[in-house]
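In my numbering, the protein residues as written are 399 to 904. Think of the CB as a built atom: it goes at the ideal place given N, C-alpha and C, for glycine as much as any other residue. Fair warning: this is a prediction, and the values are worked out from it, not measured in the lab. Have a look at the structure below, then the notes.
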């Protein structure tokens with residue numbers, strides 16, 4: 399039996415006595431007391447990864463309360479980074495596009511293809527890209543889509559709004575799309591438009607034209623002739639759409655990886671309807687001080703926590719991208735090729751649950767979301783495979799020379815390509831080559847059996863110059879293998895990609 403406490407105890411001393419006695423006195427003192435299961439109790443001290451937590455009969459001490467609140471703010475700062483990447487990416491994208499001119503009518507058109515001068519997340523060197531920003535604050539906007547393009551409109555959180563062109567309801571014939579703001583109450587036309595509503599005012603318009611016999615000119619002319627973007631209110635007298643040739647131009651569209659990332663998030667939250675990203679994600683932002691209608695002004699304590707949080711968030715995103723632990727990311731179980739759409743869902747949904755790491759993996763390294771990129775459609779659209787590691791599971795080293803052996807009969811209706819990217823910017827690797835890529839559309843050296851060997855290194859192996867992509871000593875890189883018009887053997891894996899292997903320098 400536990401001895402009774404001294405009669406002359408202060409309240410604090412009594413509490414301490416109860417803590418030390420495990421509450422035994424309380425258990426013995428009252429008729430209504432029942433057994434207390436061990437698993438529901440909190441001991442006086444608990445050693446954790448954030449330090450030793452201390453309690454007075456389950457009540458956190460002031461020191462412990464501050465410790466856990468600092469940790470909670472840190473956790474929410476990390477979650478705000480990981481979940482905010484799609485929006486921050488588009489804030490950066492919009493800033494780059496606004497350098498070309500105002501919204502709703504200025505289009506950046508890569509008439510001579512995109513090269514490594516521009517900083518765009520994992521763009522390719524084979525498409526005739528066009529980009530524009532749509533602002534719906536003053537009402538609906540009309541997009542007259544060109545025929546024979548792959549076009550997408552995504553909202554300000556990079557959520558899918560609609561396809562236009564080959565994967566859209568116009569089926570590649572061209573058509574008028576009316577993009578309606580989230581709170582629009584006005585009348586809408588009964589016919590003549592494909593009408594879609596966005597959940598945000600800000601929206602990205604992006605599309606791709608295609609080379610014709612190696613020439614970009616037919617696609618450029620098609621886009622210039624047919625693409626029109628203008629406010630619906632000016633439908634009877636629209637202003638001309640202005641095209642800016644952005645090939646070879648420096649444009650930065652990459653979100654920040656330091657404290658200013660949260661400023662990018664705040665910019666978006668302030669502009670869009672409250673809760674536009676859903677109450678849970680909006681609540682994460684609110685928890686760190688980013689709230690609609692209020693200034694984002696963290697004090698010194700919170701600045702220090704968020705500076706740490708963004709560093710850990712960035713490290714987490716990079717681990718997810720470059721050292722992914724999800725076996726479902728692997729296209730082939732024993733090789734190092736990954737799919738950008740884990741689970742085959744453009745919303746990264748699996749069994750009713752969001753795969754947050756899969757979404758982070760995509761948006762930290764890529765842009766544009768559409769079902770057409772995720773769904774298996776033999777002969778239509780494109781498919782993607784990325785690799786960050788060589789056959790030995792090691793990161794690529796720009797000092798070394800590697801080879802990728804590509805088996806004969808690559809399963810494509812159109813063509814395939816390889817592009818190298820900088821692991822820092824996730825944009826095209828900047829070397830002496832304007833285009834850090836090779837493509838079956840170009841003059842590649844083919845082996846006698848119809849296979850290809852593509853080389854990566856600081857110097858071209860003798861006799862393989864046409865099949866070589868330059869790398870930079872001391873800099874890492876990663877690659878994307880793209881299939882345009884992928885065929886059934888790609889999807890059923892009767893044709894597969896080998897790992898990239900290090901070879902002796904030439």
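Helix, strand or coil: how does DSSP classify residue i here?
i	result
residue 538	coil
residue 424	Residue placement at residue 424 is poorly supported in this model, since its pLDDT is 47, which falls under 50; the coordinates are not used for a value here.
residue 400	Its pLDDT being 44, under 50, residue 400 is placed unreliably in this model, and the coordinates cannot settle the point.
residue 582	coil
residue 610	strand
residue 744	coil
residue 601	strand
residue 886	helix
residue 710	helix
residue 456	coil
residue 801	strand
residue 647	coil
residue 379	Look at the range of the chain in this structure, 399 to 904, and you will see that residue 379 is not part of it.
residue 788	coil
residue 515	coil
residue 699	helix
residue 912	Past the edges of the chain, shown from 399 to 904, lies residue 912, and the structure says nothing about it.
residue 688	coil
residue 870	coil
residue 491	helix
residue 794	coil
residue 891	coil
Could you check the C-alpha separation between residue i and residue j for me, to the nearest Å?
i	j	result
residue 782	residue 697	44 angstroms
residue 572	residue 637	20 angstroms
residue 559	residue 779	18 angstroms
residue 889	residue 777	11 angstroms
residue 639	residue 627	6 angstroms
residue 566	residue 519	24 angstroms
residue 661	residue 600	17 angstroms
residue 738	residue 744	9 angstroms
residue 664	residue 705	15 angstroms
residue 692	residue 436	45 angstroms
residue 819	residue 689	35 angstroms
residue 718	residue 712	10 angstroms
residue 701	residue 862	52 angstroms
residue 582	residue 450	54 angstroms
residue 486	residue 879	26 angstroms
residue 614	residue 512	11 angstroms
residue 677	residue 593	26 angstroms
residue 587	residue 543	18 angstroms
residue 839	residue 815	8 angstroms
residue 891	residue 434	58 angstroms
residue 482	residue 647	28 angstroms
residue 651	residue 510	19 angstroms
residue 800	residue 876	12 angstroms
Less than 8 angstroms separating the beta-carbons of residue i and residue j?
i	j	result
residue 909	residue 871	This structure does not reach residue 909, given that the chain is present from 399 up to 904, and the question cannot be answered.
residue 532	residue 501	yes
residue 825	residue 534	no
residue 472	residue 729	no
residue 793	residue 874	yes
residue 618	residue 506	no
residue 804	residue 850	yes
residue 885	residue 811	yes
residue 480	residue 823	no
residue 621	residue 708	no
residue 768	residue 674	no
residue 860	residue 842	no
residue 741	residue 722	no
residue 625	residue 528	yes
residue 761	residue 556	yes
For the beta strand (DSSP E) that residue i lies in, which residues bound it at each end?
i	result
residue 662	It is not in any beta strand (DSSP E) - residue 662 instead sits in the alpha helix (DSSP H) that spans 658-669.
residue 528	525-533
residue 783	780-785
residue 813	810-820
residue 564	No beta strand (DSSP E) holds residue 564; DSSP gives it neither H nor E.
residue 556	Unbroken run through residue 556: none, as it is neither H nor E.
residue 921	Given a span of 399 to 904 for the chain in the structure shown, any question on residue 921 remains unanswerable.
residue 592	592-595
Starting from residue i, follow the alpha helix (DSSP H) in both directions and report where the run begins and ends.
i	result
residue 619	615-624
residue 643	No alpha helix (DSSP H) contains residue 643, which is instead part of the beta strand (DSSP E) from 640-643.
residue 680	677-685
residue 755	754-763
residue 770	769-772
(message) With three or more C-beta pairs closer than 8 angstroms as the rule, is the segment 564-583 touching the segment 534-543?
(response) yes
(message) Is it the case that the segment 828-841 contacts the segment 516-527, given that we only count it when at least three CB pairs across the two stretches are under 8 angstroms?
(response) As far as the Cβ criterion goes, the segment 516-527 touches the segment 828-841, which means the pair count is three or higher.
(message) Does the segment 455-462 come into contact with the segment 493-511, if we say contact requires no fewer than three beta-carbon pairs (one atom in each stretch) closer than 8 angstroms?
(response) Counting C-beta pairs closer than 8 angstroms gives fewer than three between the segment 455-462 and the segment 493-511, which falls short of the contact rule.
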